[in-house]
Amino acid sequence: MSYRGMSSSAIALSDVSKLRSGNENDVQVSSIATAHSLPGWVTPLSYRVVRHTERLAALSILAISFATMVFGLADEGLWLDEAYGHDMALLPWREMARITRDDAHPPLYYAILSLVVPLFGSTECGLRFPSVISAVFAVPFAHAIGHRVDGRRGAFAAAMAVGFSPFLQYYAREVRMYAPLVAVACAATYGLLRLVERPTRLPVAFYAATVATLLYTHYFGSLLIAAHGGALAVAALRRRISRTTLLLWSLALVAAGILFLPWALGIVTRLGAYAGGAATGTPRLRILVEAATGFAIGFPPHQLDQLAGSSRAMLFQYAAPLVLVALAIVGAWPRRAPGTGIARTIGPSVLAWAAAFPPIAVALVFGERQEIAPRYLAVAVAPLAILAALGALRLFERSRGLGTLSGGALLAISAIAIITFHRDARVWRDDFRSLASFIADNARPGQIVVANAGYIHRPLRYYLGDRWPIAQIAPRSADIAQQTEAIARSAPFVWLAIFQEYYADPEASARVWLDAHASPRVERRFRGNLRLIGYSTERPSADD
């Protein structure tokens, strides 16, 4: 039978079947063709055009997002934590597992990095490329989440919000697990929506796998799982999901727990010690404020001190987090008519729990006890960004002008933030690369490099290699002067690399001893908290 010969009742029945399958967009196109008595071929043709346009838009977002991530990927040198990731990737797996049991992070990222290094090399670009790839994978999952929560427009807006999230763009350029954490968190949230839509074996297995991967990527991934549980509990109380769905979700968690069992004891011990630290950590309110700021601008909020007094500093410190959070609140606000499909009904609630619960829980548990950086809360980045995009769509439905203004403001702030950390070196990390290059360009016979904080030997070793010995002074030890003396007497020239002297050597014992017993020859400061002083130790001192 041709489309032209179909009766209106047949079209209506086909519309019902499409609604049951969850494809309400087909119904809209079909209804338009029927209402205006258009030829039957218009419906499938229009649908194909829309589908191709949708795919082209999604691929364009993916391509542009990838391009902005890899642009200037090696402009900034490796900083302290990235050098640590490089060293971990070179270890045998058994040694890696032993070290990570006492580390603040689980082993999955380092294990993947160790597999990738032989393929891409240990250059700055090669080490950072896995983070770029994982960040790109976050975009299609965000697209799928947006589609289930708010149709095609929601899919496009969610992909835009996550693909051009300053936070994801920034950490896609670091040898750390935070970009993969955002991607896996997106996959887990998508898996939850699939599970509640179709509580069958495949969605349950997918959700269990993503939850286990989430836990092996970062311990704070457990906060996202708790947020999912909170959203499902509220939905169950409102009778929006069945007991079967709750049971299958619980079974998925059990399966994920079995997969995570080899590391389960370690996480309990580690988090218990982490939460029980001395009361010298980040204040609770500051954790929440810095999280919102960090999510909105990407780079660490303390780097705003380098932009003090500029209009961008005011924009990033006040306008950026306010716009992001305000739009997210609008996006999370319950609709009177949420639409068809369980994902549309509970989707905003799931995203709201995922965006709000991790920062609030961390502030309550770890506030005042530990230093908490916004990057630790990466599981909340994508849900907040998607909610902000949905909020702009909600405003657009009410008022096109207001929606365009709010969405444009969000995109403009994101673009300015991305351009800033691409081009403005003032917000970059500590410049160990330039420090090492200066040492190499001004090398002296028999020189030795002294790290006032022993833990900075990793970036120094990465850039200097084995050309010169690197001596490590134990930070905050009582015999720093004696350590410095022993090192200085073994070499005619000493480069003292100073990093975080306020913490590693509060009394400046190493520098004071060298100033008194050696001759300062050159001094140079580098971006961040880095300082280099060259001393000649061949001059006899009064004590000798």
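If you number the sequence shown the way the working numbering does, the last residue is 547 and the count never jumps. Cβ atoms here follow ideal geometry from the backbone N, Cα and C, with glycine treated the same way.
- Pairwise C-alpha distance: alanine 294 and arginine 378: 8 Å
- What are the start and end residues of each continuous alpha helix (DSSP H) run of 4 or more residues lying completely inside the region 494-528, in chain order? 504-507, 512-520
- Give a yes or no on contact between the region 304-311 and the region 167-183, applying the rule of three or more CB pairs nearer than 8 Å. no
- Task: Within 10 angstroms of the Cβ of tyrosine 506, are there 16 or more other Cβ atoms? Answer buried if so, exposed if not.
- Result: exposed
- Item | Residue environment, proline 351, which counts as buried when at least 16 other CB atoms sit within 10 Å | buried
- Task: Pick helix, strand or coil for arginine 530, following the three-state DSSP scheme.
- Result: coil
- With C-beta atoms as the reference, is alanine 297 less than 8 Å away from glycine 394? Before going further, note that residue 297 is glycine rather than alanine in the sequence given. Cβ atoms of glycine 297 and glycine 394: not closer than 8 Å.
- Beta carbon of alanine 329 nearer than 8 Å to that of alanine 420: no
- Message: Let me make sure I understand the geometry here. Which of Leu310, Ile363, Ala500 has the alpha-carbon closest to that of arginine 429?
- Response: Leu310
- Query: From which residue to which residue does the alpha helix (DSSP H) around tryptophan 186 run?
  - Reply: A quick correction: the sequence has alanine, not tryptophan, at residue 186. First-last of the alpha helix (DSSP H) with alanine 186: 181-200.
- Rounded to a whole number of angstroms, what is the C-alpha to C-alpha distance between glycine 468 and glycine 80? 15 Å
- Task: Give the secondary structure of proline 313 by DSSP, where H, G and I count as helix, E and B as strand, and everything else as coil.
- Result: First, the amino acid is wrong: residue 313 is serine here, not proline. Correct three-state label for serine 313: coil.
- Task: Going by CA-CA distance only, name the one from Ile459, Ala415, Trp498 that's closest to arginine 447.
- Result: Trp498
- Query: If we call anything under 8 Å between Cβ atoms a contact, is leucine 354 one with isoleucine 389?
  - Reply: yes
- Query: Where does glycine 232 fall in DSSP's three states?
  - Reply: helix
- With a CB to CB cut of under 8 Å and the five nearest residues on each side skipped, what residues in its chain are close to alanine 267? Gly260
- Return the first residue and the last residue of the beta strand (DSSP E) that alanine 454 is part of. 450-454
- Task: Take the Cβ of glutamine 450 as the centre, count every other Cβ of all protein chains shown within 10 Å, and call the residue buried at 16 or more, exposed below.
- Result: buried
- According to DSSP, which residues form a beta bridge with glycine 537? Trp498, Val525
- In whole angstroms, what is the alpha-carbon distance linking serine 34 and arginine 51? Note on serine 34: pLDDT 44, under 50, position unreliable in the model; the coordinate value appears next. Whole-angstrom Cα-Cα distance: 16 Å.
- Query: For alanine 474, does the three-state DSSP call read helix, strand or coil?
  - Reply: strand
- May I ask you to report which of helix, strand or coil DSSP gives arginine 447? coil
- Message: Could you check whether valine 165 and alanine 385 sit closer than 8 Å to each other, using their CB atoms as the reference points?
- Response: yes
- Message: asparagine 455 and isoleucine 501 - do their beta-carbons sit closer together than 8 Å?
- Response: yes
- Three-state secondary structure assigned by DSSP to isoleucine 136: helix
- Task: Could you say which of Thr203, Glu200, Pro523, Ile290 lies nearest to isoleucine 375 if we only look at CA atoms?
- Result: Ile290
- Task: Pull up the distance between the alpha-carbon of isoleucine 345 and that of methionine 99, whole angstroms please.
- Result: 43 Å
- Query: In this structure, does DSSP put alanine 371 in helix, strand or coil?
  - Reply: Here residue 371 turns out to be glutamate, not alanine, going by the sequence shown. Note: glutamate 371 maps to coil in three-state DSSP.
- Under three-state DSSP, which class holds glutamate 293? helix
- Status (buried if at least 16 other CB within 10 Å, exposed otherwise) for glutamine 373: buried
- Query: Do leucine 196 and arginine 241 come within 8 Å of each other at the CB atom, strictly closer than that value?
  - Reply: no
- Whole angstroms is fine: what's the gap from proline 568's alpha carbon to leucine 256's? The structure shown has nothing for residue 568, since the chain only spans 4 to 547.
- Query: Got a sec? Which residues, its chain only, sit under 8 Å from threonine 126 by beta carbon, not counting five neighbours each side?
  - Reply: Ala77
- Query: In or out: valine 525 buried (at least 16 other Cβ within 10 Å) or exposed?
  - Reply: exposed
- Message: Check for me: the alpha helix (DSSP H) holding arginine 101 runs from which residue to which?
- Response: 96-103
- Is the Cβ-Cβ distance between isoleucine 473 and threonine 487 less than 8 Å? no
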